[in-house]
Structure formats: C-alpha cells, structure tokens
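Only one structure is covered here, and it is reproduced in the block below.
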Amino acid sequence: MPLTPRGNRATRDNGPRLNENLPMYERLRVDRSTTVDRVVDALRAALFAGDLEPGTPLREQPLAEALGVARSTVREAMTMLVTEGLAVREPNKGVSVAILHPAAVADICRARFVLESAGIRAWFDADEVARERVRAAMRTFAATAKEGADPEAMTETHLAIHRSFVALTGSERLTATADSITGEARLALARVDALRQDAKQQVASHRKLVRLLEKGDLDECVEELRRHLAGAEESLLEAIATPPS
C-alpha cells in the first residue's frame, strides 16, 4: 500500500478533528445523563412508595414506553439501581426489585456494627471536618423528621448519620463498603420508616449516640450502637414480613 508523503497533509486535514467535536459530544453526554437521572429518580420513588414490590420484574420496553424514553436509557437507569442495591440482575431473568431475606438482615447488621463501631472508636483521631459531618447529619435528620418527610427522605438522612460514623475512620474504602452493605437494606429501611410512627423517638435515639461521642464516652457509645442495631434488625425483619399497603 503506497504511503502518503509526509509533505502532503491534504488527506489528514480533510475531515473534522476530534477536538473540534468534543463540545458537541459533551453536551450530548450531559443531556443523556440528566435523562437517566430522571428515570432513576422516578423508579426509585416508585420503589420507596411500594408501587413496585420486592421481586417485581423491571421490563425495559414497558418502562421505556411509560416514561417516554429510549430502552437504552431505562437499561442504564436499571444498572444504577442494581449498583445501589435496590434491584438485582440475574442471568437469563433480567432485572427485578431486590428482595431482602432474613439471613441477609442479620449479616448486614453485624457488618454495620463492625464498621460503625470502628468509626466511633476513631472519634478522637478523626479530624474536625469528619466530626462536624456527624453533627451536620444529625441536624439534617432531626429537621427531616420534624418536617414529616416521606420515607425515602427519612431513610436517606437516617443512613447519612450511620455513614458519618464510618467516615470517622478516615478510610474511603471502609465508607464505600458501608455504602454497599447498607444499599442492600435501603428498601427495607424505607419500609421501617414508613411503618414507624415514632420519628421523635428515632431522633432521640440517634441524638443519644452523637452526645455520647461528644462526651468522649466511646465504650458506652459502642454499647448503645449495639443496642440500636439490634433494634434495627428486629424492625427490618418485621418490615420484610409486612406486605406493602
């Protein structure tokens, strides 16, 4: 095959250069991402509201038609739900709403205790930014409960407190592990928050944990966390045994 002489750059300069097209591609990516985010938000809201029960298959075509988007957008949104632990993907079966089994509940609570107690014991070694994150998460949870927010908002602000405990370790990997573990229980936690009529008690329970941290009574805080998670395990088991209304 004859080579183009170095001096002849005509063939190289005829077509558009990649850099010239980047702005267009970036705009397309942002627009598509926004659409995917909206689909994820819609599906997540339906999951937390109980409109899609555990085990319900998530079909691309019907969802795409209902939401007025492309199947590829729905597919990407479902992948995000799987990553969050709200849905599961099985070979030859597709994607369905996640089901939390009793054995998994016990395992999740054990793992949470290990990670969160490690963060509590790291309170004195943590920087002020991490400690303030705990306080801020507590304030947000209390404000959300006072406003009578929906179960999804309650669950998110509730989990933010427990995430802030793990973050006291200063380990991004441990925090990511905690996110992954908790993700499996998000739907059940939302059911717990929907069934409970004791938002004030929940705020008081978490505030007690934070006050023990502030006092530096770490041993008592760890024991309180143990009791707290034991109660959470009971509530989760009750939630997964109670059909959505």
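So the mapping is simple: my numbering equals the position in the sequence shown, first residue as 1, plus 638.
For glycine and all other residues, C-beta sits at the position ideal for the given N, C-alpha and C.
Query, Result
"Say whether the segment 824-831 touches the segment 778-796, bearing in mind that this needs 3 or more beta-carbon pairs closer than 8 Å, one atom from each stretch.", "yes"
"Check the DSSP bridge columns for PRO692 and list the partner residues they point to.", "According to DSSP, PRO692 bridges with nothing at all."
"At what residue ranges does the segment 809-841 contain a whole run of the alpha helix (DSSP H), taking only runs of 4 or more?", "810-821, 824-833"
"What ranges does the beta strand (DSSP E) occupy inside the segment 726-782, keeping only unbroken runs of at least 3 residues that lie completely in it?", "732-735"
"Please report the distance separating the alpha-carbon of LYS838 from that of ARG845.", "10 Å"
"Among the residues of its own chain, which have a CB less than 7 Å from the CB of LEU753, if the five just before and after it don't count?", "VAL804, LEU812, THR815, ALA816"
"What's the gap between the Cα of GLU861 and the Cα of ILE758?", "11 Å"
"When the Cβ atoms of the segment 726-734 are set against those of the segment 764-775, are three or more pairs found closer than 8 Å?", "no"
"Are the beta-carbon atoms belonging to ALA798 and THR820 less than 8 Å from one another?", "no"
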